[in-house]
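Going line by line, the protein sequences match chains A and B. Start counting the first sequence at 1; every next residue gets the next number (the numbering used here). Start counting the second sequence at 1001; every next residue gets the next number (the numbering used here). Cβ atoms here follow ideal geometry from the backbone N, Cα and C, with glycine treated the same way.
2 protein chains.
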Amino acid sequence: MGEPCYDSLLLENQLCFPLYACSREIIRRYKPLLDAIDLTYTQYIAMLVLWERQSVTVKELGCCLFLDSGTLTPLLKKLEAKGLITRRRSEADERSLIVALTQRGQSLREQAAQLPEQMCQCVGLDAEEKQQLSRILRKMMEQMQR
Amino acid sequence: MGEPCYDSLLLENQLCFPLYACSREIIRRYKPLLDAIDLTYTQYIAMLVLWERQSVTVKELGCCLFLDSGTLTPLLKKLEAKGLITRRRSEADERSLIVALTQRGQSLREQAAQLPEQMCQCVGLDAEEKQQLSRILRKMMEQMQR
DNA sequence: CTATAATCAGTTGCACACAATCAAATTTTG
DNA sequence: CAAAATTTGATTGTGTGCAACTGATTATAG
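See below:
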């Protein structure tokens, strides 16, 4: 009756930890770039959705970003305070709150446009690796959505 | 002089976002399992290091987990309050604080041992994909450490 | 040996994340 | 139509993350 094997508990053998560490590290790298346009990372990905769709409900935004209203509500109020978005109830369904870009929010897109390329440089992956990573992460998300 | 191209700003073309979303989703999946042993995810990865090393300084722990003292100090105080670890200053260097497992912290390892396998099932990747993912994330972290 | 620099944990303040709960509006059902 | 269930965003409380700063201790340069 020897010592049981704890290899699966080695930090090195974890799958989640490098994901978690990598994600935080990239966000840390984003910070100085995002500071320049006065956005946090979470605000930035919310703006990404708005730049694509012009206007979305909080619900839809939450689905896109996998975030709930407890995170989004205060964040959207800050974006509104900065004059980047507007928030108003839907006339069709008063429960829904429609978030839309202002002119100022719209024009911020131009300043954000160089950001992705600057970020790509520092991760140091080649095109194939990026492809693989993207595919695997997509598969994981699909598996976990059930 | 047409509309400039904003493809790089599409949420779908982001590399960081799926990493960030995936990481949070896995941690969400961990939660019910970790609740059973009364640990949060961050507390869990701190315990992983302690189960490997028996005792570490806060500084070393921070290096392992890429977390700073602002995150670790309150977290370690909670683990201490639960009776899983002890915290004492190093005699050799009074600036360093040594974190060590208690008997109770040690024995929690047995209950944690089934956790990784349960998690592996729900991510739904095959062995090769896990390998690839692991390799790519390690490479990214190395690139970014400079 | 002493003034200066570096190291380390702790504290503070801000910004998420998210579970749990709530309240208002809408949809479904009998 | 009216009661019940569902949907939706807001609120509250807990737990991170992290930058900036503090204070104590140790290392180092002159």
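Inter-residue spacing [alpha-carbon to alpha-carbon] between residue i and residue j
i               : j               : result
E12 (chain A)   : C22 (chain A)   : 14 Å
I45 (chain A)   : T86 (chain A)   : 17 Å
Y6 (chain A)    : A1113 (chain B) : 6 Å
L76 (chain A)   : V1049 (chain B) : 38 Å
R93 (chain A)   : T57 (chain A)   : Checking the sequence shown, residue 93 (chain A) turns out to be Asp, not Arg. Those two C-alpha atoms are separated by around 11 Å.
E142 (chain A)  : C1122 (chain B) : 11 Å
L1101 (chain B) : W1051 (chain B) : 8 Å
C1064 (chain B) : P1004 (chain B) : 43 Å
E91 (chain A)   : R53 (chain A)   : 19 Å
A127 (chain A)  : C120 (chain A)  : 10 Å
Q106 (chain A)  : R1138 (chain B) : 37 Å
Y41 (chain A)   : S134 (chain A)  : 19 Å
K1031 (chain B) : K31 (chain A)   : 28 Å
P74 (chain A)   : F1017 (chain B) : 20 Å
R89 (chain A)   : D1035 (chain B) : 38 Å
Q1111 (chain B) : E110 (chain A)  : 52 Å
Sub-8 Å separation of residue i and residue j beta-carbons
i               : j               : result
Q132 (chain A)  : I1098 (chain B) : no
S69 (chain A)   : G62 (chain A)   : yes
R104 (chain A)  : L72 (chain A)   : no
R24 (chain A)   : M1144 (chain B) : no
I1037 (chain B) : L19 (chain A)   : no
L1010 (chain B) : Q1118 (chain B) : no
L1067 (chain B) : Q1043 (chain B) : no
K59 (chain A)   : S96 (chain A)   : yes
L15 (chain A)   : K1082 (chain B) : no
L1115 (chain B) : M1047 (chain B) : no
L1125 (chain B) : M140 (chain A)  : yes
Residue i, enclosing alpha helix (DSSP H) - first and last residue
i              : result
S107 (chain A) : Q103 to A112
L133 (chain A) : A127 to M144
E117 (chain A) : L115 to V123
Boundaries of the beta strand (DSSP E) in which residue i is found, first to last residue
i             : result
S55 (chain A) : S55 to T57
Beta-carbon neighbours of residue i, restricted to chain B and to distances below 7 Å
i              : result
I136 (chain A) : L1125, E1129, Q1132 and L1133
Residue i: contacting residues in chain A (beta-carbon distance under 9 Å)
i               : result
K1031 (chain B) : The contacting residues do not exist; K1031 (chain B) stays about 12 Å from chain A at best.
K1059 (chain B) : By Cβ distance, chain A contributes nothing, its closest Cβ being about 16 Å from K1059 (chain B), past 9 Å.
R1024 (chain B) : Y20, S23, F66 and L67
E1091 (chain B) : What E1091 (chain B) touches in chain A: nothing, since even the nearest Cβ is about 27 Å away.
Interface residues of chain B facing residue i [CB-CB closer than 9 Å]
i              : result
V49 (chain A)  : L1011
L84 (chain A)  : Here the premise fails: no neighbours, minimum Cβ distance about 15 Å.
S147 (chain A) : No statement about residue 147 (chain A) is possible, as the shown extent of chain A runs from 1 to 146 and does not include it.
Q143 (chain A) : C1122, V1123, G1124 and L1125
Under 8 Å from the C-beta of residue i: neighbouring residues of chain B
i              : result
E3 (chain A)   : Neighbours of E3 (chain A) on chain B: none; closest Cβ ~11 Å, over 8 Å.
K139 (chain A) : G1124, L1125 and E1129
Neighbouring residues, chain A, relative to residue i (Cβ below 8 Å)
i               : result
R1109 (chain B) : Y6 and L9
I1027 (chain B) : C16 and Y20
Let me know the beta strand (DSSP E) ranges lying completely inside the region 16-99 of chain A, each 3 residues or longer, listed in chain order. 55-57 and 85-89
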